[in-house]
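Quick note: the working numbering has the sequence shown finishing at residue 123, numbered continuously throughout.
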Amino acid sequence: MEDEVLNEFGEMFIKRARDGAIREINWIINGSIKAPSLLELSKQVQLFSDDQKDTLRKVVIEAIDTALFKVITILEEHEEYIKMTITKDGKTFNLAEISDGLGGQLSMWIEDYSEYEESL
4 MEDEVLNEFG
14 EMFIKRARDG
24 AIREINWIIN
34 GSIKAPSLLE
44 LSKQVQLFSD
54 DQKDTLRKVV
64 IEAIDTALFK
74 VITILEEHEE
84 YIKMTITKDG
94 KTFNLAEISD
104 GLGGQLSMWI
114 EDYSEYEESL
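In structure tokens form, the structure reads like this:
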């Protein structure tokens, strides 16, 4: 059950945080963003060549993956202050305790659950 809990967390983390961020970046790069606060940025990006847009996308995905790794590692390393727990079927699981390393599982979760390729 511990693996199931970890994988459910990983799926949610990747789909909501990583894929959500990449989706928004793609909207900005493709010019389909609707958020008024991002329209000007999107207009500026439309001046880029296709190669520049592709490079920008890769850089941003790398930055997203690095940030997610750092966040999950910080949460795990400071477990005395921040508890990451999930309750399933009446049982509470501490993610840091049932994992061999949440940062190390990030690549696996990206491969298993993301609709986008892993960064470089």
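Heads up, the beta-carbon is just placed ideally off N, CA and C, and yes, glycines get one too. None of these values were measured; they are calculated from a predicted model.
Pair within 9 Å by beta-carbon distance, methionine 111 and glycine 13: Yes, the pair counts as a contact, with Cβ atoms nearer than the cut-off.
Alpha carbon of serine 102 to alpha carbon of glutamine 47, nearest angstrom: Whole-angstrom Cα-Cα distance: 43 Å.
Beta-carbon proximity of alanine 20 to leucine 78, cut-off 9 Å: Contact: no.
Aspartate 68 beta carbon less than 9 Å from that of glutamate 121: Going by C-beta atoms, glutamate 121 is nearer than 9 Å to aspartate 68.
Separation of glutamate 11 from glycine 142, as counted between CA atoms: Residue 142 is absent from the structure shown; the chain starts at 4 and stops at 123.
Alpha carbon of aspartate 54 to alpha carbon of leucine 41, nearest angstrom: If you take the alpha carbons of aspartate 54 and leucine 41, they lie about 21 Å apart.
Within 9 Å, strictly: CB atoms of leucine 98 and leucine 9: In this structure, leucine 9 lies closer than 9 Å to leucine 98 by Cβ.
Exposure label - phenylalanine 16; buried when at least 16 CB within 10 Å: Buried is the call here.
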